[in-house]
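Colleague:
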Amino acid sequence: MIKAIKTMSCKIKRILSILTFILLLLRVQAQDDYVNYNYTYLDNIKTVQFHVEGLVLSQPIYYLNSGSPLELAFDDLNPDYREYVYTVIHCNADWTPSNLVSSEYLNGFEEEIIENYEYSFKAKTIYTHYNLLLPNEDMQFTKSGNYLLLVYDNEEGKRLAFVRRFMVVEPRVNILPDVVRPAMVGKSDTHQEIDFSVTHKGFDIRSPRTELSVTVLQNGRWDNAIQGLKPLFSRAEEQVFDYQNKVIFPAGKEFRYLDLRSLRYGTENIAQIEFINDRYEVTLYTDEKRSRGGYLEFEDINGNFVIDNFDDRDAVLESEYASVLFSLASPAEMYDYDIYLFGAFTEWLLKPEFKMVYNPAVNAYVGKAYLKQGYYNYMYAAVPKSGGEIDFEPVEGNWYEARNDYTILVYYRPFGGRYDRLIGALTFSSRI
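Residue numbers (my numbering): 1198 to 1629.
1) Name the DSSP bridge partner or partners of residue 1582?
2) Residue 1479 to residue 1322, Cα distance in whole Å?
3) With DSSP run on the structure shown, which of helix, strand or coil describes residue 1513?
4) According to DSSP, which residues form a beta bridge with residue 1340?
5) Quick check on this structure: which residue in 1253, 1532, 1365, 1336 has the alpha carbon closest to the alpha carbon of residue 1623?
6) On the three-state DSSP scale, how would you describe residue 1563?
7) Going by alpha carbons, who is nearest to residue 1288 out of 1590, 1615, 1415?
8) Are the segment 1383-1402 and the segment 1352-1362 touching, with three or more C-beta to C-beta distances below 8 Å?
9) What residues match up with residue 1423 in a beta bridge as DSSP calls it?
10) For residue 1602 and residue 1417, what's the separation of their Cα atoms in angstroms?
11) So what's residue 1488 in DSSP terms, helix, strand or just coil?
12) Given this structure, state the Cα-to-Cα distance separating residue 1227 from residue 1629, to the nearest angstrom.
13) So, for residue 1222: in the same chain, excluding its five sequence neighbours on each side, which residues have a beta-carbon less than 8 Å away from its beta-carbon?
14) I'd like the span of the alpha helix (DSSP H) that includes residue 1432, first residue to last.
15) Find out if the Cβ-Cβ distance for the pair residue 1569, residue 1504 is shorter than 8 Å.
16) Output the distance between the C-alpha atoms of residue 1447 and residue 1340, rounded to the nearest integer angstrom.
17) Decide if residue 1219 is buried, meaning its Cβ has at least 16 other Cβ atoms within 10 Å, or exposed.
18) Name the residue from 1300, 1588, 1512 whose alpha carbon lies nearest to the alpha carbon of residue 1457.
19) Say whether the segment 1479-1488 touches the segment 1448-1467, bearing in mind that this needs 3 or more beta-carbon pairs closer than 8 Å, one atom from each stretch.
20) Are residue 1305 and residue 1335 closer than 8 Å when you measure CB to CB?
21) Restricting to Cα atoms, I'd like to know which of 1453, 1587, 1425 is closest to residue 1438.
22) According to the neighbour-count rule (16 or more other Cβ atoms, all chains shown, within 10 Å of its Cβ), is residue 1381 buried or exposed?
23) Using CA atoms only, rank isn't needed, just tell me which of 1577, 1528, 1581 is closest to residue 1556.
24) Count the CB pairs spanning the segment 1495-1504 and the segment 1605-1612 that are closer than 8 Å, and state whether there are at least three.
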């Protein structure tokens, strides 16, 4: 009897050990279950910004061993401090994880706590603001290439808060761009073509078409990036990417703007500001479709946003959050399309919370966004219900003269190389 009990006890211990191992494995897998693009997982995380320190409109591109770190900032709508930890993952040119282990691309610690935080004050919405510089004394990069920054809420179990892409460059080449009208008649007035060459004096590229890969971004967007470009032809220490009708982007128009910098006095596109149930409710004047209108030139920030505040001194800690009601006039529902708010504040994604709903009572699409005081650019993105890519033509229209920023990224992997080196990066205006 005693022997049987001991045998049963051993079996139970083995089962418990196996279950513990399985639960641990599932937890590790859950932590590693992340997307490889910019995405926020937790609803309490707001206003994530990631850019070169002091340059809020810049792309998160760090030059290896330079003196200009990247700056990450975000708000947590929880009023109390929570421990957030971060780690980075080295990726290939296509954003799949590279074969490098962390000790090969990092000096310092693999994971660290975000130590810089401050509490909001005077604002009706209570939040905690977090800030991080990369690289720092705890973590330095040793390899160029694509990287993912993963930030976790480390309280009550490790939960992924958000993911951000960034790039580390080791400059080895020069990029010479040109923006031209597409030769294709149907796109010459509505699209912009990017031609460019890459010069590499003193840097040996033996097999350009197999060793080089180039990505082109419009306004920092990855959803419509053109990737995997190879040289059309080569000259002495120069690679030419002069494809006709290949590196082409819809030009769009200048972005619409929302000025939320004052909730006391409002701005020209704000119809009403109310304070209801301990929160600000902002109603904008109804927007009109621009697809049939001509090109109107004005300064924009190419879909980005800047946190700013005219009502108080400290834009970071004293700015309010407001629920903003957008509306787009439409005499009838566009049955072939779904309509979304779209811009950097939506993470350049078609997210359910930014989908517009048609309201026949007001003959308009309506939608809300919860935003911190600042200056925002946005557009209305139409997406075919039958499937397909974002189409700005039905609501916004496209005009060749529109100002856009483009970024060219040049990746290099020599024969036998284990990872994609980022050897060149350039951001420029279509008005060059």
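Where is the CB? At the ideal position from N, CA and C, for every residue including glycine.
Modeller: The answer reads as follows:
1) Beta-bridge pairing links residue 1582 to no other residue.
2) 15 Å
3) helix
4) Per DSSP, none; premise fails for residue 1340.
5) 1365
6) strand
7) 1615
8) no
9) 1413
10) 8 Å
11) coil
12) Reliability of the predicted coordinates at residue 1227 is poor, the pLDDT of 44 falling under 50, and no value is obtained from them.
13) The predicted position of residue 1222 is uncertain, since its pLDDT is 36 and thus under 50; no value can be drawn from it.
14) Residue 1432 -> not in any alpha helix (DSSP H); beta strand (DSSP E) instead, spanning 1430-1432.
15) yes
16) 34 Å
17) Residue confidence for residue 1219 is low, a pLDDT of 38 falling below 50, so the modelled location carries little weight; the figure read from the coordinates is stated next. It counts as exposed.
18) 1512
19) yes
20) yes
21) 1425
22) exposed
23) 1528
24) no
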